[in-house]
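Chains as they are written, first to last, in our numbering: chain U, 1 to 412; chain S, 1001 to 1412.
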C-alpha cells in the first residue's frame, strides 16, 4: 500500500482526495499496489466531510508516520510549504506539488535535496493545471534544442480577455462578473498583473533552457490597461490580444517577458479561449508543438498531482528526474535591449499632420483606422524596447498629436 | 558511448542521422554519454552522402556489433522490419520505431519481448510525428480514466481538406497540387482512404484503454467523397469538415471510427489546419486536453525517434514501459450499434414536399439551405448507425425527393 498525506484541504487538496478515491481501482492497477490517503493537514475543521477521520493540524503526525511515503503539498505560498517540503524529503518521502510560487522560488534546491535522499520532487501541476507540459518538455522533446516557449498560463486573465473580445465589454465589467462566477479571486492582483504567469514561465524556462531562471528577472505587465478599443484595433488586423508569457533563446542569453500581445489569428495561441491554458514550444528539430487544457480547476489540477504521485510510487526508492542538467542561473536580457514591435494608439488634433509626424519618427509604417474621430493606431517595425519607448515618448511631442493612448506589443 | 544503428535511410532515417549529428553536444549532455550512429542499413547506395562510410546492406553487421545498443527501425512496412526488430531485441538491443503499421500489427508482442530481454521498444514517432502523445497519455494522464481520444492524425488529408475549405477547390484539384508539392504520395490511398489514421488511432486506443485494439475492427472511411458543396453546408452552420479518427469508451466496450466529421468551430480540433496534426483526449478528471504539432516531416519525426533513443539510453539495462497493463484484446462495438448523427444532403424535385418527407422519417429536424436550386441539407438527431442508414435509404424513396447526395457524420 502506498500511503499519501495531503497538505492543505482547499480546492486542489480536496480534489486530490477525490481523484484518489474516485479512481482508486485504476490507480492500484497502474501502480501495482493500492494507494490510500492517510492524513490531510489543514488548520481548519471539516465536520461534515469524510476527511474528518484523517484530518490533522500537526505536520509532525505526517512526518513521523512511516507508512506515508508520498506527500502532496497543495497548500500554496512559500511558508510553511517550504519547510514542510524540506522536512518531508529529508524524512525520505517524495513530495508532489502544485505550488508554483514555491517551485519558482526554491524548485532547483528542493529537486537537488530530493536527489540526495533518493526521493522525487515533482511539480507537473504547478504549471498549466492538468496540461502535460513538464514531461513533454523534458522527455518527449529531449532531442531538441528548445528555442522558444510561450503560453497562455493564466486562466483568469484569458477568461477576461476572451469575454472582452467576444462581448465588447470593459476590463472592469468582466472582472466583476468573473469574480461573481468564481473565475477571479476577490483580490485578483496576482492574476491580472501577470505575477502568476510570470512564475509559471520561469519554471518552464528553467526546464527548457536547463538553467534556473529567476522569475524576478522577467519583465511583467498585466492586462489592467487593455481596453475594448485596443481589442477593436487588433480585430481590424485579424488579430487577438492575449496575455502571453514567453521566453526565447537569444545570442546574449534569454529574452523573457509577460505582457499583453497582439497575436495574429493564425497563431495557434490566438484560438485558446476562456479559462483554458496552452503552451507553445519551438524546438530546433520538432518545430512548433502546442499543449492545451484546463489551466486550473479542482479536478484537472488534482489529476496532475495524482499522476505525479503515481510516477513517484512506481519509482519508489529512486528519484524521478524531470530537471535536466542545471548549472548557473540563466542570464535574462534586460528588456530594454530586446527587439519588439508594437501597436500604438495615438489621439490627434489633426490626422494628416499626425501621420506625417509618426512617419518622421517611425519611418514607413502601417496605420490602422477603425472609424474613430480623434485617434488612429500604428504598427511599428522591430526595434529594441529602449528605442521603441524613446520613440513613443517623442511622438507625443510632435505636430498634430494630442497623446499616446496605449502601446501593446505584437508577437514576432 | 551509445552506439546506434539506423534501419532505412529514407526521409525519417536521414532525419535521425541529421538530428543526432546536429544536436550531438546537447544529446551527450542529456544522456551523460556521447551518442554515435555506427551503421545505416539500406539496400541503396548513397555515393555523395557522408553516410556512405557507415552504410551496410546486411542487417547481420548490425546484429553482431556489440557496440550497437539501440536500433532505430524507420524503414516502414511489416517485413523485414518485424523480423529485424525481433532479432535486435533478442540480441539485447532496444528498438525505437516510427513504423505505425508494425506497431499497430505487432506492437504488444514486441513490447512483451523487449520486457523479457530488459530492453525497450518505443514508438512515440509512430503517431503524430513529433507530437508528444504516448508519454502524456501513459504518464501525465495516468491518474485518469481516459474516456475518449480523437485526433487529426493524417497530415495529407488535413492539408487537402484545409485547402478545399479555404480556397473552395475540389478534392481532385487539391490532391494533384498536394502531390506536386510532396504533401501527398503518388499512390495516396493509405492517406486519403483513412488507413494511416486508422492504424494510429488503434495504437493510441490500445494505450489509453489498456487493451490492445485491433485496427481491423475500426470502421474506416476516407475523404474522397467530400465535395466543396459539403464544406459549404458545414460553413453555413459554423462548422468545418475534418478527417477524425476517434475512439470512445462505451457501456459495451469501445466505439471507434475513422471518417470525415462535421466539427463545430468551437471544437479545438476544428482550428488545426494544413499538415498539422492534433490529438484531443478526454479524461474523467483532467477533462479536455489537446496536443498539437507537425504530424510528419523529416526532422519533426526524427526528433521523436531521437527522444526515444535518449530515453532508452538513459534507461540502459531496463525496460522503459509506456504500455500499461494490457490483457485481452479490446471489444470494438460494431459500427451499426453506435449512436451518431449526420448532415445529409438531399436533392429534390419539390422542396416543400421534401421537407415534409424528411420530417416524416427523421422527426423534428433542422434544415440547412445555402441557396442551391435543387438541394438542401438536414441534420439528424442521434440514432444508431443502423437506424440512420435505414432512414437514409428510406428518404430516397419518398415524395418530392430525387436522391441523397451525401451523408457526413457530425461530432457529438
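Ideal Cβ positions, reconstructed from N, Cα and C, are used throughout, including at glycine. Keep in mind the model is a prediction, meaning the values are calculated, not measured.
is_contact[residue i, chain U] using C-beta, thresh 8 Å
i              : result
residue 1288/S : yes
residue 1306/S : yes
residue 1090/S : no
residue 1145/S : yes
residue 1292/S : yes
residue 1405/S : no
residue 1118/S : no
residue 1135/S : yes
residue 1047/S : no
residue 1271/S : yes
residue 1035/S : no
residue 1027/S : yes
is_contact[residue i, chain S] using C-beta, thresh 8 Å
i             : result
residue 469/U : Examination of residue 469/U is not possible in this model, given that chain U is present from 1 through 412 alone.
residue 356/U : no
residue 198/U : no
residue 212/U : no
residue 17/U  : no
residue 277/U : no
residue 311/U : yes
residue 285/U : yes
residue 330/U : no
residue 99/U  : no
residue 223/U : no
residue 302/U : yes
residue 140/U : yes
residue 319/U : no
residue 411/U : no
residue 23/U  : yes
residue 131/U : yes
residue 188/U : no
residue 124/U : yes
residue 341/U : no
residue 299/U : yes
Per DSSP, cross-strand counterpart(s) of residue i
i              : result
residue 1291/S : 291/U and 1279/S
residue 249/U  : 254/U
residue 1259/S : 1244/S
residue 1041/S : 1007/S and 1056/S
residue 239/U  : 264/U
residue 1036/S : 1003/S
residue 1409/S : 1261/S and 1342/S
residue 1404/S : 1346/S
Nearest-angstrom Cβ-Cβ length linking residue i and residue j, presumed shorter than 8 Å
i              : j              : result
residue 1158/S : residue 1242/S : 7 Å
residue 7/U    : residue 84/U   : 6 Å
residue 1129/S : residue 1294/S : 5 Å
residue 1406/S : residue 1225/S : 7 Å
residue 331/U  : residue 253/U  : 4 Å
residue 1208/S : residue 1104/S : Going by Cβ atoms, the distance from residue 1208/S to residue 1104/S rounds to 14 Å, so no, they are not a contact pair.
residue 1165/S : residue 1240/S : 6 Å
residue 1283/S : residue 1133/S : Wrong, their Cβ atoms sit about 14 Å apart, outside the cutoff.
Test: residue i CB closer than 8 Å to a CB of chain C
i            : result
residue 44/U : This model lacks chain C altogether, as its protein chains are U and S.
Threshold first: 4 residues or longer. Then list the alpha helix (DSSP H) segments lying entirely within the stretch 1108-1159 of chain S, N to C. The stretch 1108-1159 of chain S contains no whole alpha helix (DSSP H) run of 4 or more residues.
Ranges of the alpha helix (DSSP H) found wholly within the stretch 190-221 of chain U, counting only runs of at least 4: With a minimum length of 4 residues, the continuous alpha helix (DSSP H) runs that stay inside the stretch 190-221 of chain U are 195-209.
Is the stretch 182-192 of chain U in contact with the stretch 115-127 of chain U, if contact means three or more CB pairs nearer than 8 Å? No, the stretch 182-192 of chain U does not touch the stretch 115-127 of chain U.
Taking three-plus beta-carbon pairs below 8 Å as touching, is the stretch 390-406 of chain U in contact with the stretch 254-274 of chain U? They do not touch, by the three-pair rule.
Taking 8 Å as the threshold, find out whether the stretch 146-154 of chain U comes into contact with the stretch 274-282 of chain U through three or more Cβ pairs. Counting C-beta pairs closer than 8 Å gives three or more between the stretch 146-154 of chain U and the stretch 274-282 of chain U, which meets the contact rule.
Looking at C-beta atoms only, is the number of pairs between the stretch 35-49 of chain U and the stretch 95-109 of chain U that lie closer than 8 Å three or more? Counting Cβ pairs under 8 Å, fewer than three are found: no touch.
Whole runs of the beta strand (DSSP E) within the stretch 1326-1399 of chain S, excluding any shorter than 3 residues: As far as the stretch 1326-1399 of chain S is concerned, its whole beta strand (DSSP E) runs of at least 3 residues are 1339-1348, 1366-1368 and 1375-1379.
Would you check if there are 3 or more beta carbon pairs closer than 8 Å linking the stretch 135-144 of chain U to the stretch 225-235 of chain U? With a cut-off of 8 Å, the stretch 225-235 of chain U and the stretch 135-144 of chain U do not count as touching, because too few Cβ pairs lie within range.
Would you call the stretch 1311-1322 of chain S in contact with the stretch 1362-1371 of chain S, where contact means no fewer than 3 C-beta pairs closer than 8 Å? At 8 Å Cβ cutoff, the stretches do not touch.
Whole beta strand (DSSP E) runs in the stretch 1060-1115 of chain S with 3 or more residues, listed along the chain? Counting only runs of 3 or more, we get 1068-1073 and 1094-1097.
Contact the stretch 1002-1018 of chain S vs the stretch 1288-1303 of chain S: 3+ CB pairs below 8 Å: Segments in contact, yes.
Whether or not the stretch 1060-1080 of chain S and the stretch 1024-1042 of chain S are in contact is what I'm after, with contact meaning three or more pairs of Cβ atoms, one per stretch, closer than 8 Å; do they touch? The stretch 1024-1042 of chain S, when compared against the stretch 1060-1080 of chain S, does touch it at the 8 Å Cβ threshold.
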